[in-house]
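Residue numbers for the sequence shown, in my numbering: 996 to 1304. A virtual CB, placed ideally from N, CA and C, is assigned to each residue, including glycine. Remarks on the structure that follows.
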Amino acid sequence: MNEPSFEVIIIGGGPAGMSAALVLGRSRIKTLVLNTESPRNKITTHSHGFLTQDGKHPMEIFEVGKKQLTKYPAVHYVSEKAMKLTALPTGFEVHTARAKYTTERVEIATGYTDNIAGIGIPGLTEVYGKSVYPCPFCDGFEMADKKLAVFGSAEIAPMFSKKIWHWSKDVIAFTHGEKVSDPELVANLADKGIQVIEEKIKHIISENGQLKAIELEDGRLINREGGFLPDPKATESTDFALKLGIKKEVGRFGRDFYVVDENKETEIKGLFIIGDARNGWSGVAPSVAEGSEVAAAITHQIIEANWMK
Ligand SMILES: Cc1cc2nc3c(=O)[nH]c(=O)nc-3n(C[C@H](O)[C@H](O)[C@H](O)COP(=O)(O)OP(=O)(O)OC[C@H]3O[C@@H](n4cnc5c(N)ncnc54)[C@H](O)[C@@H]3O)c2cc1C
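Shown next as structure tokens:
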């Protein structure tokens, strides 16, 4: 069954996509939101650092956002998965299992998906988002002055433990079997009281998500109260931008960013990428900001186009 055409289709309804929908709805732009309702931070219990929403459960923020959108008749929200995105000579087609939608503009806001099981540390999945977190700006305050672990490769864990030292002076970096090749760095960290443990982890011991101890393969048991996992082996949740050939460039913190202009529009006219989907990690407030900015830019484009008709 063919569905009516939309001025904008937003694929993904996390903080980026829902914020874009709000501003487009208020501009009375006919918008479709397709959302599988699984934002990246849903596994954690408190979302931090977004003014007025600090400490709320991520899904509570989502539900409030979803309810607020119902006020705007121009926004059509469906819990459907976008399966395929095709660029037409003008506009786009988006396929779901149920329908084919057409539109003049698409915002990809599908985020990233972490792969904690793929890291191969038994027990890590149980503590991720509960007492071991990917980002100190999100949860460093709550973890401050605790006995902390930093999990990561021989390259990442020692460097990141230096950042975490700002929040707690009791930090141990665990490289899970990888040897650190830079003895100067290890000595430098030791000067600040940061130990690097290269032994393989046998199991992370926890209770209801609360990290208790790290059992090493050599039998040692290291008590820890929380930690950080700077590299959760995340990948793009969809390959829409990749398949359309959108280029990437290396940006902040060595991460890959899709090449977009100041409106987050790609080299394909009418195709926008926002939030984590654009850069691998944005955070809630910056994703909301990007959604809002893109919606305003699109509204300007539509006003100009209609003026010229
Ligand atoms: C454990 C953890 C804790 C975090 N804590 C914080 C914090 O305290 N503060 C903070 O600022 N940030 C935090 N973050 C980061 C934050 O979650 C992300 O930066 C933010 O969610 C990005 O928003 P987004 O809208 O780009 O993507 P997402 O929130 O991931 O939303 C993407 C949406 O797209 C949907 N989707 C995916 N594929 C499809 C498809 N094919 N069709 C339709 N819909 C689709 C998904 O279901 C999801 O609803 C945390 C992340 C993690 C993992």
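Exclusion of the five residues before and after Leu1184 leaves Pro1153, Ser1156, Lys1157, Ala1168, Gln1190, Val1191 as the residues of its chain whose Cβ lies within less than 8 Å of its Cβ. Two segments are said to touch when three or more pairs of C-beta atoms, one from each, lie closer than 8 Å; by this definition the stretch 1293-1301 does not touch the stretch 1057-1073. Our two residues, Arg1273 and Pro1227, have alpha carbons roughly 17 Å apart in a direct line. In the three-state reduction of the DSSP assignment, Ile1263 falls in the coil class, being assigned neither a helical nor a strand state. Taken atom to atom, the span from the alpha-carbon of Pro1117 to that of Gly1188 is near 27 Å. For the pair of segments examined, the stretch 1157-1166 was found not to touch the stretch 1251-1258: the number of CB pairs separated by less than 8 Å stays below three. Less than 8 Å separates the beta-carbon of Leu1211 from that of Lys1197. Within the chosen limit of 7 Å, ligand 1 does not reach the beta carbon of Trp1162 with any heavy atom. Here Gln1063 carries a helix assignment [DSSP, helix/strand/coil]. Residue pairing by DSSP puts Asn1218 in a beta bridge opposite Ala1208.
Spanning the alpha carbons of Ser1201 and Leu1027 requires a straight line of approximately 42 Å. Across the structure, Asp1271 and Gly1246 are spaced so that their CA atoms are roughly 13 Å apart. Ligand 1 has no heavy atom closer than 7 Å to the beta-carbon of Thr1230. In chain order, Val1018 place their CB closer than 7 Å to the CB of Ala1291, counting only its own chain and leaving out the 5 sequence neighbours on each side.
Distance between Ile1006 and Phe1132, taken at the CA atoms: about 27 Å. Here Pro1010 is buried. Its C-beta has 16 or more other C-beta atoms within 10 Å.
Assigned with DSSP and collapsed to three states, Arg1100 falls in strand. Taking the Cα of Ala1208 as reference, the smallest distance to any Cα among Lys1238, Gly1172, Gly1249, Lys1142 is reached at Lys1142. Fully enclosed alpha helix (DSSP H) runs of no fewer than 4 residues occupy 1151-1159, 1178-1186 of the stretch 1134-1202, in order along the chain.
If you check the C-beta of Pro1034 against ligand 1, you find a heavy atom less than 7 Å away. Of Ala1077, Lys1304, Thr1085, Ile1111, the smallest CA-CA separation from Gly1265 is found for Thr1085. Here the alpha carbon of Lys1037 sits roughly 21 Å from the alpha carbon of Asp1234. In this structure, Val1101 sits near Ile1004, with a CB-CB distance shorter than 8 Å. In the DSSP secondary-structure assignment, Ile1006 is bridged to Leu1029, Ile1103. Between Phe1045 and Val1289, the CB-CB gap reaches or exceeds 8 Å. For Pro1281 and Gly1012, the gap between their C-alpha atoms comes out near 12 Å. One Cα belongs to Ile1199, the other to Glu1193, and the distance between them is close to 15 Å.
Taking a contact as a CB-CB distance under 8 Å, the pair Ala1144 and Arg1219 counts as one, their CB atoms being some 4 Å apart. Comparing alpha carbon positions, the residue from Asn1203, Pro1034, Ser1074 closest to Glu1055 is Pro1034. One alpha carbon belongs to Gly1204, the other to Thr1105, and they sit about 27 Å apart.
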